[in-house]
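Asker: Questions regarding the structure given below will be posed in turn.
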Amino acid sequence: MENGVASTKEEGFLSRMALNDNKAGMEGLDRDKINKIIMETSKGSKFYENELKRDQQVNQRITKMMLQKARITEQQLKKAQAQVEKVSTALEKSRDLSRVIVHVDMDAFYAAVEMRDCPELKDKPMAVGSMSMLSTSNYHARKYGVRAAMPGFIAKKLCPSLVIVPLNFDKYRAVSNEIREIFADYDPNFQPMSLDEAYLDFTDHLEQRQHWPESTRTHHFHEKKAEPSQEAVTEVRELSPVLFEDSPGSSPSPVGPEGVHAPAGDFEVFGTSVEEAVREMRFRIEQKTMLTASAGIAPNMMLAKVCSDKNKPNGQYRLPSTREAVMDFIQNLPVRKVCGIGKVSEKMLNALGISTCSHLGQQMALLSLLFSETAWHHFLEVSLGLGSTYIPRHEERKSMSTERTFKELSKVEEQLSLCRELCEDLAEDMKKEGLKGKTVTLKLKNVNFEVKTRAMTLPCAVATVDEIFAVAKDLLKTEIENESPQPLRLRLMGVRISAFASLDDKKPLQKSIVGFLQSGKADCSNLPWRSKQRQTEGSQATVGLQQSFFQRAHVRRLQLEAANAATKNEGSGENAPVIANTRTPATASENNHLPPDLSENPSPVQAHASTSACEESETLTCPVCFRKVETTDLNVFNTHIDQCLSNASQKTNNGTESDTESESGLKKDREERAAVNKLRRRHEAQEKKSKVNPQKGQSSVKKDSVQKVSLIKDDNKTATLQEPQPSNSKGPVFVCPVCQLTQETHDLAVFNHHVDLCLNQEVLHELGRQTSSSINPSPVKNSKSTGKCVRDTPSSPPSKKVKSLGPCNTIDKFFR
DNA sequence: ATACATACC
DNA sequence: TACTGGTATGTAT
Numbered sequence: 049m050e051n052g053v054a055s056t057k058e059e060g061f062l063s064r065m066a067l068n069d070n071k072a073g074m075e076g077l078d079r080d081k082i083n084k085i086i087m088e089t090s091k092g093s094k095f096y097e098n099e100l101k102r103d104q105q106v107n108q109r110i111t112k113m114m115l116q117k118a119r120i121t122e123q124q125l126k127k128a129q130a131q132v133e134k135v136s137t138a139l140e141k142s143r144d145l146s147r148v149i150v151h152v153d154m155d156a157f158y159a160a161v162e163m164r165d166c167p168e169l170k171d172k173p174m175a176v177g178s179m180s181m182l183s184t185s186n187y188h189a190r191k192y193g194v195r196a197a198m199p200g201f202i203a204k205k206l207c208p209s210l211v212i213v214p215l216n217f218d219k220y221r222a223v224s225n226e227i228r229e230i231f232a233d234y235d236p237n238f239q240p241m242s243l244d245e246a247y248l249d250f251t252d253h254l255e256q257r258q259h260w261p262e263s264t265r266t267h268h269f270h271e272k273k274a275e276p277s278q279e280a281v282t283e284v285r286e287l288s289p290v291l292f293e294d295s296p297g298s299s300p301s302p303v304g305p306e307g308v309h310a311p312a313g314d315f316e317v318f319g320t321s322v323e324e325a326v327r328e329m330r331f332r333i334e335q336k337t338m339l340t341a342s343a344g345i346a347p348n349m350m351l352a353k354v355c356s357d358k359n360k361p362n363g364q365y366r367l368p369s370t371r372e373a374v375m376d377f378i379q380n381l382p383v384r385k386v387c388g389i390g391k392v393s394e395k396m397l398n399a400l401g402i403s404t405c406s407h408l409g410q411q412m413a414l415l416s417l418l419f420s421e422t423a424w425h426h427f428l429e430v431s432l433g434l435g436s437t438y439i440p441r442h443e444e445r446k447s448m449s450t451e452r453t454f455k456e457l458s459k460v461e462e463q464l465s466l467c468r469e470l471c472e473d474l475a476e477d478m479k480k481e482g483l484k485g486k487t488v489t490l491k492l493k494n495v496n497f498e499v500k501t502r503a504m505t506l507p508c509a510v511a512t513v514d515e516i517f518a519v520a521k522d523l524l525k526t527e528i529e530n531e532s533p534q535p536l537r538l539r540l541m542g543v544r545i546s547a548f549a550s551l552d553d554k555k556p557l558q559k560s561i562v563g564f565l566q567s568g569k570a571d572c573s574n575l576p577w578r579s580k581q582r583q584t585e586g587s588q589a590t591v592g593l594q595q596s597f598f599q600r601a602h603v604r605r606l607q608l609e610a611a612n613a614a615t616k617n618e619g620s621g622e623n624a625p626v627i628a629n630t631r632t633p634a635t636a637s638e639n640n641h642l643p644p645d646l647s648e649n650p651s652p653v654q655a656h657a658s659t660s661a662c663e664e665s666e667t668l669t670c671p672v673c674f675r676k677v678e679t680t681d682l683n684v685f686n687t688h689i690d691q692c693l694s695n696a697s698q699k700t701n702n703g704t705e706s707d708t709e710s711e712s713g714l715k716k717d718r719e720e721r722a723a724v725n726k727l728r729r730r731h732e733a734q735e736k737k738s739k740v741n742p743q744k745g746q747s748s749v750k751k752d753s754v755q756k757v758s759l760i761k762d763d764n765k766t767a768t769l770q771e772p773q774p775s776n777s778k779g780p781v782f783v784c785p786v787c788q789l790t791q792e793t794h795d796l797a798v799f800n801h802h803v804d805l806c807l808n809q810e811v812l813h814e815l816g817r818q819t820s821s822s823i824n825p826s827p828v829k830n831s832k833s834t835g836k837c838v839r840d841t842p843s844s845p846p847s848k849k850v851k852s853l854g855p856c857n858t859i860d861k862f863f864r
């Protein structure tokens with residue numbers, strides 16, 4: 049039975065084109081009528097044709113999946129079931145209901161702002177955006193089926209009286225800043241997801257709040273109304289733009305056990321419960337911005353997100369922190385509501401007869417055979433109502449891009465100049481953030497909506513217009529050539545830059561240490577497996593230490609700079625251009641049938657680009673004095689650092705302190721540095737361990753999955769193993785994150801023990817570098833042990849120099 | 001490393 | 001007339 053597979057093309061296709069009515073404010077619409085209008089308006093357009101094509105591709109994927117499903121044997125299924133149960137048990141064990149996570153989301157944000165600022169709009173269906181694309185719509189308009197991501201011209205067909213207001217980002221950003229100030233009062237580490245949305249961890253706030261006096265929980269109405277006797281609730285509503293007719297409404301604080309009641313007047317006292325705290329936050333948002341927000345309260349992020357949608361607009365919903373409540377809540381939840389499951393996943397799951405989370409749970413064995421490991425793990429977590437209980441710190445950006453849609457562009461000169469413009473914009477943005485990246489990607493969309501990306505990675509990071517354009521132009525040229533004599537008929541072009549080398553400085557090596565300094569957590573905040581890890585006491589402690597150490601280093605640097613004001617120092621290499629001469633792609637750049645523009649090209653760029661060398665490969669920057677040391681020899685560099693350290697401590701203590709004190713000052717620095725490293729590494733390694741074994745320390749989830757041998761997976765969809773695995777081996781091969789040596793054990797405890805030893809070894813090294821004769825943790829079994837714990841980054845290839853460390857390993861400990 | 005697809009706002 | 005733009009991540013090669 050081909051149950052679920054779209055019986056007709058039309059029907060299946062609707063899922064892609066049709067109105068998405070699972071969002072708030074869309075209940076009880078005339079769906080069929082709306083869909084008919086959407087389809088009729090779209091039909092025959094290039095966009096429509098392309099969507100059809102993409103839908104076919106999804107259908108093919110589904111067909112393939114169904115074939116795969118048909119080949120599954122009982123045996124396989126049973127085995128898979130066992131596997132799923134194992135993982136499931138481990139996940140269950142890791143369930144943490146102790147956190148109170150809140151997801152806040154402004155109601156129809158852009159539209160609400162525009163309505164607030166233009167009362168004329170209040171009673172009208174309106175949307176923000178353009179005839180080509182809408183960003184959001186108000187609740188009036190939603191009744192007509194008008195919604196975000198719908199082109200304005202279609203929206204107009206649905207609702208001819210629709211008023212479309214152009215975007216005004218600066219305004220939204222300003223409002224966003226206002227609400228973020230409020231968020232920070234409840235969770236200083238809140239995570240903004242966009243201008244109008246954020247996750248907060250209320251746990252700590254609530255603890256504090258229990259001891260707060262009423263006065264601290266009292267908040268005033270911003271505008272004193274003429275009729276002060278009115279009930280607070282009513283007043284709140286009057287302040288808000290008319291977004292809701294039949295909205296659940298936040299304000300009527302249910303007279304909960306703690307609901308301290310709102311006295312009539314110009315203020316309200318909020319209780320100490322979660323609900324009260326969240327209600328208070330929303331109240332303050334409304335008072336401050338005259339805009340309403342909705343919120344979800346749950347024990348993890350995934351659930352909080354779903355909850356915030358539940359009583360939208362201007363409402364909130366709390367899911368109690370019990371396993372039972374969570375499981376009940378999940379049962380009938382449509383999979384599409386879950387963050388991360390979009391149109392396509394939904395359609396594939398539907399094809400398997402899965403539309404709700406309970407189905408998901410029932411079909412896990414099957415899903416584990418048909419989907420990638422990451423995918424089915426996600427499904428499994430969702431089906432158990434699990435999600436992240438830790439709100440990760442805002443991570444550093446990984447890419448930056450700019451793209452533009454326009455009327456057909458086919459002339460080469462115009463394409464080139466547009467490309468240049470994009471590069472200019474991008475370079476400007478890069479400059480603002482002081483970024484440099486190694487990979488430049490060109491994105492093209494032709495008039496048939498077909499998208500292409502072409503990328504090139506340079507040996508060194510770049511940032512300037514000329515550097516970026518030099519690459520983008522070559523990529524574009526190549527595409528033009530490949531298509532010729534036909535022209536490229538473009539409707540969109542974009543340029544992206546990624547693979548950032550470093551933030552403030554250009555040295556890749558510098559990144560870790562500077563990032564560490566700034567974030568107080570080094571790069572580990574970037575690591576993918578960080579997400580579930582709660583910050584440890586240890587890393588908190590680091591902050592203080594590292595500041596004292598690095599602050600002194602900074603002071604030292606300033607001193608030196610002052611002293612050497614006249615000397616060359618900075619200038620020479622610092623801003624040297626950075627394109628390597630190997631950059632130019634081997635494509636036949638000249639000699640072709642291109643208009644002169646292509647070969648004419650800014651030769652200065654070329655010249656500039658090809659003559660400049662990778663400066664970062666020539667020098668290292670001292671973490672103490674922050675000056676460049678012109679050497680590639682790490683021993684030399686380490687000697688320099690040692691000198692700097694002793695200089696620094698001597699200078700600091702100069703005259704005022706005795707020799708012994710100075711001695712101890714030096715020692716203190718060293719110890720601090722060691723401690724910083726120790727803690728940081730511990731933190732990192734902990735997290736690396738948790739990649740193998742993600743759930744808070746114990747019980748192996750990933751381990752199980754690592755052990756999993758691909759069961760079915762003939763063609764694609766092979767389970768990705770964490771480590772390359774000898775095909776015969778009976779288990780995973782663990783690689784120590786510290787010494788990078790392969791540990792051939794299947795026992796996680798043994799492996800963890802090894803890692804701990806390795807870490808301790810490092811600390812010992814750090815503390816008594818001169819005296820220590822290495823105390824090697826005996827690798828459980830190692831392939832090429834020199835006995836030294838020389839670390840090597842698993843992912844980012846370090847410059848060779850770091851690898852080829854001599855006996856002194858100060859540096860590789862320092863950086864990374 | 002590159003290309004493409006999916007997802008989110 | 002007209003179907004975005006910015007970022008991240010997963011999957012396949």
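Sequential numbering from 49 applies to the first sequence in the working numbering.
Don't be surprised by glycine CBs; every beta carbon is placed ideally from N, CA and C.
From a predicted model like this one, the values you see are computed outputs, not experimental measurements.
Cβ atoms of Gln258 and Thr320: under 7 Å apart, would you say?
Answerer: Here residue 320 refers to the residue found at position 272 of the first sequence. Here residue 258 refers to the residue found at position 210 of the first sequence. Yes, the Cβ-Cβ distance between Thr320 and Gln258 is below 7 Å.
Asker: Suppose you measure from the CA of Leu464 to the CA of Asp103; what does that come to, to the nearest Å?
Answerer: What you label residue 464 is simply residue 416 of the first sequence in a count that begins at 1. What you label residue 103 is simply residue 55 of the first sequence in a count that begins at 1. Cα to Cα, Leu464 sits roughly 33 Å from Asp103.
Asker: Please name the residue in Val519, Arg119, Ile86 and Cys471 whose C-alpha comes closest to that of Thr505.
Answerer: The sequence position of residue 505 within the first sequence is 457, counting from 1. Checked all of Val519, Arg119, Ile86 and Cys471; the closest Cα to Thr505 is Val519.
Asker: If you draw a straight line from the C-alpha of His267 to the C-alpha of Pro261, how long is it?
Answerer: Mapped onto the first sequence, residue 267 falls at position 219. Mapped onto the first sequence, residue 261 falls at position 213. Cα to Cα, the separation comes out at about 13 Å.
Asker: Can you tell me whether DSSP reads Pro382 as helix, strand or coil?
Answerer: Taking the first sequence and counting its residues from 1, the one referred to as residue 382 is at position 334. Pro382: strand per DSSP, three-state reduction.
Asker: Can you list, in chain order, the residues of its chain with a C-beta nearer than 8 Å to that of Thr370? Leave out the 5 residues immediately preceding and following it.
Answerer: The residue labelled residue 370 in the question sits at position 322 within the first sequence. Cβ neighbours of Thr370 beyond the five flanking positions: Leu145.
Asker: Could you check what DSSP says for Leu182 in three-state terms: helix, strand or coil?
Answerer: Numbered from its first residue, the first sequence carries residue 182 at position 134. Reduced to three states, the DSSP call for Leu182 is strand.
Asker: Can you check which of these residues, Trp424, Leu397 and Phe231, is closest to Arg330 by C-alpha distance?
Answerer: Your numbering for residue 330 matches position 282 in the first sequence. The closest CA to that of Arg330, considering only Trp424, Leu397 and Phe231, is found on Phe231.
Asker: Taking the CB atoms as reference points, tell me whether Cys355 and Leu381 lie closer together than 7 Å.
Answerer: By one-based count along the first sequence, residue 355 stands at place 307. By one-based count along the first sequence, residue 381 stands at place 333. Cβ distance not < 7 Å, so Cys355 and Leu381 don't count as in contact.
Asker: Relative to the C-alpha of Leu524, which candidate in Leu418, Leu536 and Val513 has its C-alpha closest?
Answerer: In the first sequence, the residue the question calls residue 524 occupies position 476. Residue Leu536 is the option with its Cα nearest to Leu524.
Asker: Taking only runs that begin and end inside the segment 500-553, name each unbroken beta strand (DSSP E) of 3 or more residues, in chain order.
Answerer: 538-548
Asker: Please go through the same chain and pick out, in chain order, the residues whose beta-carbon is closer than 7 Å to the beta-carbon of Leu408, but skip the five residues on each side of it.
Answerer: Here the question's residue 408 lines up with position 360 in the first sequence. Hits under 7 Å: Val383, Ile402, Phe427, Val430 and Ser431.
Asker: Less than 6 Å between C-beta atoms, sequence neighbours within five positions excluded: which residues of the same chain meet that for Thr489?
Answerer: Taking the first sequence and counting its residues from 1, the one referred to as residue 489 is at position 441. Result list for Thr489: Thr501, Ala503 and Arg544, in chain order.
Asker: Residues in the same chain with beta-carbon distance under 6 Å from Glu328, minus the five sequence neighbours each way, listed in chain order, please.
Answerer: In the first sequence, residue 328 corresponds to position 280, counting from 1. Closer than 6 Å at Cβ, skipping near neighbours: Phe318.
Asker: Alpha carbon to alpha carbon, what distance is there between Val213 and Asn530?
Answerer: The count along the first sequence starts at 1 and reaches residue 530 at position 482. The count along the first sequence starts at 1 and reaches residue 213 at position 165. Taking the straight line joining both Cα atoms gives about 42 Å.
Asker: Going by C-alpha to C-alpha distance, which of Arg79, Pro440, Glu527 and Lys484 sits closest to Leu492?
Answerer: The residue given as residue 492 occupies position 444 in the first sequence. For the residues Arg79, Pro440, Glu527 and Lys484, the minimum Cα distance to Leu492 belongs to Glu527.
Asker: Could you tell me the boundaries of the beta strand (DSSP E) in which Asp153 lies?
Answerer: In the first sequence, counting from the first residue as 1, residue 153 sits at position 105. Where Asp153 is concerned, the enclosing beta strand (DSSP E) stretches over Ile149 to Met154.
Asker: Sorted by chain position, which residues of the same chain lie with C-beta nearer than 7 Å to Asp244's C-beta, five sequence neighbours on each side aside?
Answerer: Within the first sequence, the letter at position 196 stands for residue 244. For Asp244, where only same-chain residues beyond five positions count, the Cβ hits under 7 Å are Asp153, Met154, Phe157 and Ser224.
Asker: Going by DSSP, what residue range makes up the beta strand (DSSP E) through Met241?
Answerer: Here residue 241 corresponds to residue number 193 of the first sequence, with the count starting at 1. Counting along the chain, the beta strand (DSSP E) containing Met241 begins and ends at Gln239 to Ser242.
Asker: Check whether the segment 442-457 touches the segment 349-368, counting contact only when three or more Cβ pairs, one atom from each stretch, lie closer than 8 Å.
Answerer: no
Asker: Taking the alpha carbon of Asn186 as the point to measure from, which residue in Val211, Ile345 and Glu456 has its own alpha carbon closest?
Answerer: Numbered from its first residue, the first sequence carries residue 186 at position 138. Among Val211, Ile345 and Glu456, the Cα nearest to that of Asn186 is on Val211.
Asker: From what residue to what residue does the beta strand (DSSP E) around Ser447 run?
Answerer: In the first sequence, residue 447 corresponds to position 399, counting from 1. Ser447 to Leu457 is the span of the beta strand (DSSP E), which, as asked, contains Ser447.
Asker: For the putative contact between Glu162 and Met174, defined by C-beta atoms under 8 Å, what is the C-beta separation to the nearest angstrom?
Answerer: Indexing the first sequence from 1 puts residue 162 at position 114. Indexing the first sequence from 1 puts residue 174 at position 126. Going by Cβ atoms, the distance from Glu162 to Met174 rounds to 7 Å, so yes, they are a contact pair.
Asker: From the DSSP secondary-structure annotation, give me the bridge partner or partners of Asp249.
Answerer: For the purposes of this step, residue 249 is taken as the residue at position 201 of the first sequence. According to DSSP, which records beta bridges pairwise, Asp249 is partnered with Ile149.
Asker: Looking at C-alpha atoms only, which residue of Ser209, Phe377 and Met448 is the closest neighbour of Lys172?
Answerer: Your numbering for residue 172 matches position 124 in the first sequence. Taking only the C-alpha atoms, the option nearest Lys172 is Ser209.
Asker: Is the beta carbon of Gly435 sitting closer than 7 Å to the one on Met375?
Answerer: For the purposes of this step, residue 435 is identified with residue 387 of the first sequence, where counting begins at 1. For the purposes of this step, residue 375 is identified with residue 327 of the first sequence, where counting begins at 1. No; because the gap between Cβ atoms is not below 7 Å, this pair is not in contact.
Asker: Look at the Cβ atom of Thr89, then the Cβ atom of Lys205, and state whether they are nearer than 7 Å.
Answerer: Sequence index remark: in the first sequence, residue 89 carries index 41 (1-based). Sequence index remark: in the first sequence, residue 205 carries index 157 (1-based). Result yes, Cβ atoms of Thr89 and Lys205 sit closer than 7 Å.
Asker: Considering only C-alpha positions, which residue in the set Asn68, Glu122, His151 and Lys126 is nearest to Tyr192?
Answerer: The residue given as residue 192 occupies position 144 in the first sequence. For Tyr192, the nearest C-alpha among the options comes from Asn68.
Asker: Compute the Euclidean distance between the alpha carbons of Phe250 and Ser142, then round it to the nearest angstrom.
Answerer: Taking the first residue of the first sequence as 1, we reach residue 250 at position 202. Taking the first residue of the first sequence as 1, we reach residue 142 at position 94. Their backbone Cα atoms lie some 20 Å apart in a straight line.
Asker: Does the distance from the CB of Met412 to the CB of Ile110 come in under 7 Å?
Answerer: Translated into positions along the first sequence, residue 412 becomes position 364. Translated into positions along the first sequence, residue 110 becomes position 62. No, Cβ-Cβ distance for Met412 and Ile110 is not below 7 Å.
Asker: Applying the criterion that 16 or more other CB atoms from any shown protein chain within 10 Å of the CB defines a buried residue, is Lys81 buried or exposed?
Answerer: Looking up residue 81 in the first sequence gives position 33. Per the 10 Å Cβ criterion, exposed.
Asker: Exposed or buried, Glu462, counting other C-beta atoms within 10 Å across all chains shown (16 or more means buried)?
Answerer: Locating residue 462 in the first sequence gives position 414, where the first residue counts as 1. The residue in question, Glu462, is exposed, as its Cβ has fewer than 16 Cβ neighbours within 10 Å.
Asker: Keeping to the same chain, check which residues put their C-beta closer than 6 Å to that of His151; ignore five residues upstream and five downstream.
Answerer: Taking the first sequence and counting its residues from 1, one reaches residue 151 at position 103. Tyr247, Gly344, Ala352, Lys353 and Ser356.
Asker: In angstroms with no decimal places, state the Cα-to-Cα distance between Val148 and Met198.
Answerer: To locate residue 148, count along the first sequence from 1; it is residue 100. To locate residue 198, count along the first sequence from 1; it is residue 150. Near 35 Å, if we compare the C-alpha coordinates of Met198 and Val148.
Asker: From Ser183 to Met448, what does the alpha carbon distance come to, in whole angstroms?
Answerer: Your numbering for residue 183 matches position 135 in the first sequence. Your numbering for residue 448 matches position 400 in the first sequence. Rounded to the nearest angstrom, the two C-alpha atoms are 21 Å apart.
Asker: Return the bridge partner residues of Ser342 from the DSSP annotation.
Answerer: Start at 1 with the first residue of the first sequence, and residue 342 comes out as number 294. Looking at the DSSP output, Ser342 bridges to Asp153.
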